[in-house]
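Peer 1: Numbering (the working numbering), first residue to last: 68 to 378. Virtual Cβ for every residue (Gly too), placed ideally from N, Cα, C.
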């Protein structure tokens, strides 16, 4: 695969990543391609709660890896990695923006994937039978056997907790250590831009976005997914907004707490995203700052023009 020049545009949810890239394509890079890096936007039938681009917008800006995976499929980081490599291998002549807030997707493309030798299906099946009220005990076990991984995984992220414990039981080695021994990275020449808006502005956007989602019919969207066959155990239902609505529909979360809970969980997630992306050595800009935006556009143009010293 010939090396591809890629600009990663990352940042917390509601920081304006899509609008930023759309503006760049409209004004400077008309032949650019956008590859999504969002673990929820990749699923079909999930438009309201993921805030994914409309089909018209996705076509206009040549999106890849958005709205393309059935939600009954548990699409993994490895699945994304291989799909993205396939897309990138065909893109050697035009600018490529990888846009999204899923840090594991971005890290995989930059660093490659670690490989495993045997199937942990039996171990995974046993761990997945753990009752919900015993999840804290699983997390405490993870903190004991792999404290480095526990620092990067939310105590409520059942899927990733089980995944990390599965790897440890299967190999006797922490997943955080194995991730240091990755396969050969994708041949990319890349730079990373992180969008950072004032915290008060970001939280206000998040709160308003969540209200808009519920006004647009998020609860009905979740009901439709359930009717389609998506279960609470599917990765698609682990997205913020979706899992809380599932909890509400099961009677565990009262309606008068539902919206505020989604807002709070989204704000917490945004904070974790900011912490994660600081490790990616990004150029950090406020997209609302005209001087910063103008400067980064010039640097991106120089980078896509072949300069390795642009930024």
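How big is the Cα-Cα spacing for residue 242 and residue 228?
Peer 2: The count along the chain shown starts at 1 and reaches residue 242 at position 175. The count along the chain shown starts at 1 and reaches residue 228 at position 161. Computed Cα separation, rounded: 11 Å.
Peer 1: Could you tell me the boundaries of the beta strand (DSSP E) in which residue 262 lies?
Peer 2: Residue numbering aside, residue 262 sits at position 195 when the chain shown is read from its first letter. Element bounds for residue 262: 255-262.
Peer 1: Between residue 71 and residue 257, what straight-line distance do the alpha-carbon atoms span, to the nearest angstrom?
Peer 2: By one-based count along the chain shown, residue 71 stands at place 4. By one-based count along the chain shown, residue 257 stands at place 190. Straight-line Cα distance between these residues: approximately 8 Å.
Peer 1: So residue 144 and residue 102 are in contact, right, with Cβ under 8 Å, and what is the actual spacing, rounded?
Peer 2: Here the question's residue 144 lines up with position 77 in the chain shown. Here the question's residue 102 lines up with position 35 in the chain shown. 15 Å between Cβ atoms; not a contact.
Peer 1: Considering Cα atoms alone, identify which of 284, 307, 377, 108 is closest to residue 335.
Peer 2: If you number the chain shown from 1, residue 335 lands on position 268. Comparing Cα-Cα distances from residue 335 to each of 284, 307, 377, 108, the minimum goes to 307.
Peer 1: What does residue 103 pair with, by DSSP beta-bridge criteria?
Peer 2: One-based indexing of the chain shown puts residue 103 at position 36. Answer by DSSP bridge pairing, in chain order: 166.
Peer 1: By a C-beta neighbour count over all protein chains shown, 10 Å radius and 16 as the cutoff for buried, is residue 240 buried or exposed?
Peer 2: For the purposes of this step, residue 240 is taken as the residue at position 173 of the chain shown. Classification for residue 240: exposed.
Peer 1: Taking one C-beta from the stretch 293-305 and one from the stretch 347-357 each time, how about it: are there three or more such pairs within less than 8 Å?
Peer 2: Not touching, per the Cβ criterion.
Peer 1: Which two residues bound the contiguous beta strand (DSSP E) that contains residue 351?
Peer 2: Looking up residue 351 in the chain shown gives position 284. It spans 350-352 - the beta strand (DSSP E) in which residue 351 sits, taken as one unbroken run.
Peer 1: How about residue 320 and residue 79: are their beta carbons less than 9 Å apart?
Peer 2: Start at 1 with the first residue of the chain shown, and residue 320 comes out as number 253. Start at 1 with the first residue of the chain shown, and residue 79 comes out as number 12. Cβ atoms of residue 320 and residue 79: not closer than 9 Å.
Peer 1: Tell whether a beta-carbon distance below 9 Å holds between residue 259 and residue 344.
Peer 2: By one-based count along the chain shown, residue 259 stands at place 192. By one-based count along the chain shown, residue 344 stands at place 277. Yes, Cβ-Cβ distance for residue 259 and residue 344 is below 9 Å.
Peer 1: Quick check: the stretch 114-124 against the stretch 136-153, are at least 3 beta-carbon pairs closer than 8 Å?
Peer 2: Contact between the stretch 136-153 and the stretch 114-124 is absent, because fewer than three Cβ pairs lie under 8 Å.
Peer 1: Out of curiosity, what's the CA-to-CA distance linking residue 173 and residue 139?
Peer 2: Taking the chain shown and counting its residues from 1, one reaches residue 173 at position 106. Taking the chain shown and counting its residues from 1, one reaches residue 139 at position 72. Whole-angstrom Cα-Cα distance: 23 Å.
Peer 1: Does DSSP classify residue 112 as helix, strand or coil?
Peer 2: If you number the chain shown from 1, residue 112 lands on position 45. Of the three classes helix, strand and coil, the one that applies to residue 112 here is coil, per DSSP.
Peer 1: Between residue 205 and residue 211, which are expected to be in contact by the criterion C-beta below 8 Å, what is the C-beta distance as a whole number of angstroms?
Peer 2: What you label residue 205 is simply residue 138 of the chain shown in a count that begins at 1. What you label residue 211 is simply residue 144 of the chain shown in a count that begins at 1. So it is not a contact: roughly 11 Å between Cβ atoms.
Peer 1: Within 10 Å of its beta-carbon, does residue 219 have 16 or more other beta-carbons around it, so buried, or fewer, so exposed?
Peer 2: Counting from 1 along the chain shown, the entry for residue 219 is found at position 152. Burial call: buried.
Peer 1: What separation, rounded to the nearest whole angstrom, lies between the Cα atoms of residue 234 and residue 378?
Peer 2: Here the question's residue 234 lines up with position 167 in the chain shown. Here the question's residue 378 lines up with position 311 in the chain shown. So the two alpha carbons sit approximately 37 Å from each other.
Peer 1: Pair every Cβ in the stretch 311-328 with every Cβ in the stretch 125-137, then say whether three or more of these pairs are closer than 8 Å.
Peer 2: At 8 Å Cβ cutoff, the stretches do not touch.
Peer 1: Let me make sure I understand the geometry here. Which of 74, 81, 105, 109 has the alpha-carbon closest to that of residue 92?
Peer 2: In the chain shown, counting from the first residue as 1, residue 92 sits at position 25. The shortest C-alpha separation from residue 92 is found at 74.
Peer 1: For residue 74, which residues does DSSP report across the bridge?
Peer 2: Locating residue 74 in the chain shown gives position 7, counting from the first residue. According to DSSP, which records beta bridges pairwise, residue 74 is partnered with 164, 258.
Peer 1: Rounded to a whole number of angstroms, what is the C-alpha to C-alpha distance between residue 149 and residue 169?
Peer 2: Reading the chain shown from its first residue, position 82 is the one you call residue 149. Reading the chain shown from its first residue, position 102 is the one you call residue 169. Straight-line Cα distance between these residues: approximately 16 Å.
Peer 1: The alpha helix (DSSP H) with residue 200 in it runs from where to where?
Peer 2: Residue mapping note: residue 200 aligns to position 133 of the chain shown, counting from 1. Note, residue 200: premise wrong, no alpha helix (DSSP H); not H, not E.
Peer 1: On the three-state DSSP scale, how would you describe residue 152?
Peer 2: For the purposes of this step, residue 152 is taken as residue 85 along the chain shown, with counting starting at 1. If DSSP states are grouped into helix, strand and coil, residue 152 belongs with the helices.
Peer 1: With DSSP collapsed to three states, give me the class of residue 128.
Peer 2: For the purposes of this step, residue 128 is taken as residue 61 along the chain shown, with counting starting at 1. Reduced to three states, the DSSP call for residue 128 is coil.
Peer 1: What is the DSSP secondary structure of residue 136, reduced to helix, strand or coil?
Peer 2: Reading the chain shown from its first residue, position 69 is the one you call residue 136. Here residue 136 sits in strand by DSSP.
Peer 1: Leaving out the 5 sequence neighbours to the left and right, which residues in its chain are closer than 6 Å to residue 236 when beta-carbon positions are compared?
Peer 2: As a position in the chain shown, residue 236 is number 169, starting the count at 1. Taken in chain order, the residues that qualify are 190.
Peer 1: According to the neighbour-count rule (16 or more other Cβ atoms, all chains shown, within 10 Å of its Cβ), is residue 247 buried or exposed?
Peer 2: One-based indexing of the chain shown puts residue 247 at position 180. Exposed, because fewer than 16 other Cβ atoms sit within 10 Å of the Cβ of residue 247.
Peer 1: If contacts are defined as beta-carbon pairs under 8 Å, then residue 77 and residue 349 qualify, I think. What distance do you get, rounded to the angstrom?
Peer 2: Reading the chain shown from its first residue, position 10 is the one you call residue 77. Reading the chain shown from its first residue, position 282 is the one you call residue 349. Confirmed, about 7 Å.
Peer 1: I need the DSSP call for residue 294, collapsed to helix, strand or coil.
Peer 2: Against the chain shown, residue 294 aligns to sequence position 227. Here residue 294 sits in helix by DSSP.
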